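Single-structure report; data block below.
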Amino acid sequence: MNSTTNCLLSSENVLFDFTNSSASVDDWIEISDTERDVGKSKGVLVEQKTQQFQRAIFFSLLNPQPNGAAFVGVSYRKKSFDLSLFTGLKLSVRAQGENFVYKVILRHHNEQSSLQPSYEIFFELPKNEMIEKYLSFTDFKPYSRGKALDPDTTPPLDLTDISSIGLQIFGGVYSPIKQHGTSSLEIDSISAVKCE
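Those letters in the sequence shown? Residues 939 to 1134, by our numbering.
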């Protein structure tokens, strides 16, 4: 599991600033295990607005199968990003609830089929603490339907054409970490950053 937190920032491109009054979650779609016949999990990305602040919240309910199979995710696919000048992503987030291990999932070249590889990174967040979490692109690995693929026989992630950025929380069918129940991830921003 990735635990990289140190980043000496040299440049930053804010991809999603949910604290901005013009920000919207309308272009994010839910991708959860209910797309399969036996799935029973649910999630949603919503705006939280008050007179003093604004952010997005990713709410999730994991209902795993006996083997741990379950996932709840949200994904942005409206446009592609060229992230080749950056070394990773920085998430400004706070996790609460029953589960604290998440994934970021990237896809390239408009590939959306579950038969095509996705590029994923697992990370654990502290409980109830707003932090900036750095995720290096070198730590993203290829997967298919949650199962790790051989990186030597899978095409590398093309950072010049990132067509999907997603967040996911999972039950743990292929992992020793098993998760279930309700959780929330508060999100201020997601940025592409270059670290020295």
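Ideal Cβ placement from N, Cα and C applies to all residues, glycine included. Source: prediction; values computed, not measured.
{"Check": "Is it the case that the Cβ atoms of Leu1097 and Asp1020 are separated by a distance below 9 Å?", "Outcome": "yes"}
{"Check": "How about Asn951: is its C-beta nearer than 9 Å to some C-beta of chain D?", "Outcome": "Among the chains in the structure shown there is no chain D, since it carries only a single protein chain."}
{"Check": "How long is the line joining the alpha carbons of Arg1083 and Cys1133, rounded to whole angstroms?", "Outcome": "31 Å"}
{"Check": "Give me the Cβ distance between Gln992 and Phe956, rounded to the nearest whole Å; I'm assuming they're in contact under 8 Å.", "Outcome": "7 Å"}
{"Check": "Considering only DSSP beta bridges, list what His1046 is partnered with.", "Outcome": "Ile1100"}
{"Check": "Do you know offhand how far Lys978's Cα is from Asn1037's?", "Outcome": "17 Å"}
{"Check": "Name the residue from Lys980, Phe997, Val1131 whose alpha carbon lies nearest to the alpha carbon of Gly1035.", "Outcome": "Phe997"}
{"Check": "Based on the DSSP secondary-structure assignment, which residues constitute the bridge partners of Asn1040?", "Outcome": "According to the sequence as given, residue 1040 is Tyr; it is not Asn. For Tyr1040, which the question treats as bridged, DSSP gives the partners Phe1061, Ile1107."}
{"Check": "How would you write the range of the beta strand (DSSP E) that Gly1119 sits in, first residue to last?", "Outcome": "1119-1133"}
{"Check": "Going along the chain, which residues of its own chain have a beta-carbon closer than 8 Å to the beta-carbon of Phe1024, five neighbours each way excluded?", "Outcome": "Ser949, Asn951, Phe1075, Leu1097, Ala1130, Val1131, Lys1132"}
{"Check": "If you draw a straight line from the alpha carbon of Thr988 to that of Ser1051, how long is it in whole angstroms?", "Outcome": "38 Å"}
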